[in-house]
Amino acid sequence: GDSVTQMEGPVTLSEEAFLTINCTYTATGYPSLFWYVQYPGEGLQLLLKATKADDKGSNKGFEATYRKETTSFHLEKGSVQVSDSAVYFCALSTGFQKLVFGTGTRLLVSP
Amino acid sequence: DTGVSQNPRHKITKRGQNVTFRCDPISEHNRLYWYRQTLGQGPEFLTYFQNEAQLEKSRLLSDRFSAERPKGSFSTLEIQRTEQGDSAMYLCASSPGTDTGELFFGEGSRLTVL
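First to last, the protein sequences are chains A and B. Going letter by letter, the first sequence gives residues 18 to 128 in my numbering. Going letter by letter, the second sequence gives residues -12 to 101 in my numbering.
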């Protein structure tokens, strides 16, 4: 079945460091790919998405590119802030917006 | 606040008791989803509704679980004869039904079964 694998955390960075969170997927069709973020005490919210190969999703300085050849959708940010501390979930959807999530990666950014 | 609302936020119960969670979606959204999240894991799909019709159920949704969405507005998720393995965060999400891929999640209802 469809699945998402993302790097285990926590990822601990200093403010202004470069961030990469790896995500790879397995899907039978052509999925849409997403990054959701969960800030402390809040519900999951969509961070960015890409619906086809080579698309780049971006939001709030975060970027991820849909790589069909490597079945990957790695999340990157050039300079993280303390306020980016959260749990990040990679997810895919092959229809009707039913999402398959990875296990989540906790990001801790220190001043 | 016009986001997705879930109640109660926390529920502690004894094994064997029944519990019910309620979800109020964003008012104009016709799709509603239930997910379950256990510690250290990502959310897992349980079921979803298009208006009042329950269109898909996961194999995770045993016979002890039942979800309804009367009149296509709020939804309830009932767990009968709770077991310790049911302890989890139950998440509700809604979407407008267009294929944008964005689900709007509530903050979840945490169940602890003693």
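Glycine included, each C-beta is placed from N, C-alpha and C at the ideal position.
Presumed contact (8 Å Cβ cut-off) between residue i and residue j, rounded CB distance
i: B/R(-4); j: B/E94; result: 7 Å
i: A/V97; j: A/L30; result: 6 Å
i: B/R9; j: B/T63; result: 5 Å
i: B/K(-2); j: B/L98; result: 5 Å
i: A/F35; j: A/G78; result: Incorrect: roughly 11 Å between the Cβ atoms, too far for contact.
i: B/G3; j: A/G119; result: Not quite, the Cβ-Cβ distance comes to about 34 Å (not below 8 Å), so this is no contact.
i: B/Q37; j: B/A54; result: In fact, because the Cβ distance is near 13 Å, the residues do not count as touching under 8 Å.
Within chain B, the residues that residue i reaches when beta carbons sit closer than 8 Å
i: A/E33; result: Chain B residues near A/E33: none, gap ~29 Å exceeds 8 Å.
i: A/T110; result: Note that residue 110 of chain A is Ser in the sequence shown here, rather than Thr. Near A/S110 (Cβ distances below 8 Å), the residues of chain B are G88.
i: A/T68; result: G88
Beta-carbon proximity list for residue i, same chain, < 7 Å, skipping 5 on both sides
i: A/S75; result: L65
i: B/K58; result: E39
8 Å Cβ cut-off: residues of chain A touching residue i
i: B/P30; result: L61, F106, L116, F118
i: B/N94; result: Before going on, a small fix: residue 94 of chain B reads as Glu here, not Asn. Going along chain A in sequence order, the residues near B/E94 (Cβ under 8 Å) are G58, E59, G60.
Distance CB(residue i)-CB(residue j) smaller than 7 Å
i: A/P48; j: A/L109; result: yes
i: A/T37; j: A/H91; result: yes
i: B/N18; j: B/E39; result: Here residue 18 of chain B turns out to be Arg, not Asn, going by the sequence shown. Result no, Cβ atoms of B/R18 and B/E39 do not sit closer than 7 Å.
i: A/S102; j: A/V117; result: no
i: B/Q71; j: B/V100; result: yes
i: A/T41; j: A/T68; result: no
i: B/L33; j: B/R23; result: yes
i: A/T111; j: A/G18; result: no
i: B/H16; j: B/S60; result: no
Rounded C-alpha distance that separates residue i from residue j
i: A/S100; j: A/E33; result: 11 Å
i: B/S49; j: A/P128; result: 46 Å
i: B/D11; j: B/Q(-7); result: 6 Å
i: B/S74; j: A/E80; result: 35 Å
i: A/E93; j: B/K1; result: 44 Å
i: A/L63; j: B/F92; result: 9 Å
i: A/G60; j: A/A70; result: 28 Å
i: B/S96; j: B/T25; result: 12 Å
i: B/G(-10); j: B/I13; result: 6 Å
i: B/F52; j: B/Y77; result: 12 Å
i: A/F51; j: A/C107; result: 6 Å
i: A/K85; j: A/S20; result: 15 Å
i: A/T122; j: A/Y56; result: 12 Å
i: A/S89; j: B/G88; result: 18 Å
i: B/E43; j: B/E31; result: 13 Å
Beta-carbon proximity list for residue i, same chain, < 6 Å, skipping 5 on both sides
i: B/Y20; result: Y35, A80
i: A/N39; result: M24, H91
Per-residue contacts from residue i into chain A (C-beta, under 9 Å)
i: B/G59; result: The premise fails here: B/G59 is roughly 16 Å from chain A at the closest Cβ pair, so nothing lies under 9 Å.
i: B/G27; result: T120, G121
Beta-carbon neighbours of residue i, restricted to chain A and to distances below 7 Å
i: B/Y77; result: By Cβ distance, chain A contributes nothing, its closest Cβ being about 12 Å from B/Y77, past 7 Å.
Closer than 9 Å at the beta carbon, the chain B residues around residue i
i: A/K77; result: Result: empty, since nearest Cβ-Cβ is about 15 Å, beyond 9 Å.
i: A/S102; result: Near A/S102 there are no residues of chain B at all, since even the closest Cβ is about 18 Å away, more than 9 Å.
Interface residues of chain B facing residue i [CB-CB closer than 7 Å]
i: A/S49; result: G88
i: A/T29; result: Those do not exist, as A/T29 stays about 17 Å from chain B at its closest Cβ, beyond 7 Å.
Same chain, Cβ closer than 8 Å to residue i, neighbours up to 5 away in sequence not counted
i: A/D72; result: T82, Y83
i: A/T87; result: T41
i: B/V6; result: K(-2), T0, E65, I66, T69, L98
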